[in-house]
Each structure stands twice: as structure tokens, then as C-alpha cells.
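Asker: Numbering (our numbering), first residue to last: 6 to 252.
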Ligand code: SF4
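(1) What span of residues does the alpha helix (DSSP H) with residue 75 cover, start to end?
(2) Could I get the ranges of all uninterrupted beta strand (DSSP E) runs contained in the segment 132 to 192, with 3 residues as the minimum, in chain order?
(3) With burial defined as no fewer than 16 other Cβ atoms inside 10 Å of the residue's Cβ, what is the status of residue 94: buried or exposed?
(4) Checking 8 Å against the spacing of the C-beta atoms, do residue 113 and residue 145 come in under that value?
(5) Could you give the uninterrupted runs of the alpha helix (DSSP H) lying entirely in the segment 83 to 126, keeping only those of 4 residues or more?
(6) Taking 8 Å as the threshold (beta carbon to beta carbon), is residue 207 in contact with chain C?
(7) Count the other C-beta atoms from every protein chain shown that fall within 10 angstroms of the C-beta of residue 122, then say buried if there are 16 or more, exposed otherwise.
(8) So is the beta-carbon of residue 42 under 7 Å away from any non-hydrogen atom of ligand 1?
(9) Nearest-angstrom Cα distance between residue 246 and residue 186?
(10) Would you give the residue range spanned by the alpha helix (DSSP H) that residue 236 belongs to?
(11) Using the C-alpha atoms, what's the distance from residue 149 back to residue 207?
(12) Candidates 189, 197 and 136: which alpha carbon is nearest residue 174's?
(13) Taking Cβ to Cβ, would you say residue 200 is nearer than 8 Å to residue 171?
(14) List the whole-angstrom C-beta distance separating residue 80 from residue 20, where the pair is believed to meet the contact cut-off of C-beta under 8 Å.
(15) For residue 85, is the beta carbon positioned less than 7 Å from some heavy atom of ligand 1?
(16) Return the CA-CA distance between residue 163 and residue 191, expressed in angstroms with no decimal places.
(17) CB residue 189 to CB residue 161, shorter than 8 Å?
(18) Return the CA-CA distance between residue 252 and residue 82, expressed in angstroms with no decimal places.
(19) Considering residue 5, what are the terminal residues of the alpha helix (DSSP H) in which it resides?
(20) With a threshold of 7 Å (Cβ to nearest heavy atom), would residue 37 be considered close to ligand 1?
Written out as C-alpha cells, the structure reads:
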């Protein structure tokens, strides 16, 4: 089996607990206006690395001393890693046989049966909510958020630990009422252990230019610290979950 890989970070500290090997996979169905990795959208992109499971396991196993010292492990990110779910599942299965913690950073835009099948091999899901308001979700990402929210409930029912991630984009995802509705939804999910609010940045803008794509948010500035703090306190108060903002 071949996996189409965008890149690998062998010392990641942002995508799950501890020090992690983070594998960024090709392929995504969404078209988020702020995407900083539009070069991951196509699975078989000319720049993709084709990896076998054995190749990848050799890289992952080298990280075991760091995983053990820090409580880390492996995270699949992207793109949307679950578009290549058979590959990810097989790698996770081998990781679990070796006692390596497994996490997936996902937008959850995959059919329920795909998610159900891979759940036994996942120790933690870093789940994006792109936009809680369905209409605004279509505008921001190209798709409704229905599949995303249905799959969050499925994870919760199956007792999979979840960290929620929400990117704060001024003018797009900073509405207080939307944040309150999202926090009410999160409050009902027992398995949500934390909520991370991530400030928008435009670091991927040059990739849009290289790919000949129009970056609509070129005039959008990162959110202020005050806005981030306000949304964090709303989410914390309404959801009752630990919430934090990334710098
Ligand atoms: S889900 Fe992630 S990779 Fe896909 S378009 Fe959105 S930001 Fe980009």
C-alpha cells in the first residue's frame, strides 16, 4: 500500500501531547479560504512523496525514545489524512502494536463508516470545527458542516478523546453568537478534553500564488489578543471545558 505524503515533521510539539512525528498527508475536500497548505489538496500531486508503510514505520520508530520521554507519539495531519484512511489505519495498527500513541488531526469530512472502522486504532482526535454556522461554513470552506458535527458526535459516542481546534479569522469566524452556539454543542460532548483557539495567519499566501489561486483574505489581519481572549473566555464559560488560545 502506498501513501501520498506532503511532508513529515519528526519533532512536532503542537499536534497532540509530547514530542511527535507528524505526517502531513495529501488530499482534502474542503477549500478553506485561509488554508496555509493548498498544495495538499490533490492526493496525487506532482510534489507528493509516495511512501510505503514500511518506509514510514522506519521513520516513526526512530522517534520512540522521544515519545517515551515526553508522552508523545504519532500524529497524522494534512490535508485531510482520513482520505487515505486505509494507509493511516495500517500505520496506526502497527504503532499500537509497538505501544506508540496515535493521533489524527482531521476536519472529519469523511463518511461515518470510514470513521467507525478506524476508531479502534486512534488514541486521540484533534478535530477541527471550521465554522459552527452551517451557511457560513459553506462560504468559508465550500461545504456545509453537517458531516463534521455528525462525526464529532460519533467519536463522542465511541469514547474517543477529542481536542477541538477552531481557527479565529476576523470577519469570518469571530462572531460571538456563533462561538456561544459552538460552545453549547461542545458542552454536550463528554469526550472533549480541551478546546484550542488558533489565531488566523496568512503564512501560506505565497503557495496560493505559486498554484495560480486567488487568495481572497489578503486584506484580513490576524485577530487581536483581546479578541482571542474574549472568545476563549466565552468558550470556557459556556462549554465548561478547558480552553486556550495559541500564540
Ligand atoms: S481542511 Fe485544512 S487542508 Fe483542507 S482546505 Fe481546510 S485548512 Fe486546508
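Ideal Cβ positions, reconstructed from N, Cα and C, are used throughout, including at glycine. In this text the structure is predicted, and so the values were computed from the model without any measurement.
Answerer: Taking the definition as stated:
(1) Residue 75 -> alpha helix (DSSP H) spans 69 to 75.
(2) 167 to 173
(3) buried
(4) no
(5) 90 to 102 and 117 to 123
(6) Note that chain C does not occur in the displayed structure, where there is just one protein chain.
(7) exposed
(8) yes
(9) Cα to Cα, the separation comes out at about 14 Å.
(10) Segment 230 to 244, the alpha helix (DSSP H) holding residue 236.
(11) 23 Å
(12) 136
(13) yes
(14) Residue 80 to residue 20, Cβ: 4 Å. Contact.
(15) yes
(16) The straight-line gap from Cα to Cα measures roughly 16 Å.
(17) Pairing residue 189 with residue 161 gives a Cβ-Cβ distance that is not under 8 Å.
(18) 20 Å
(19) Missing from the structure shown is residue 5; the chain here goes from 6 to 252 and no further.
(20) yes
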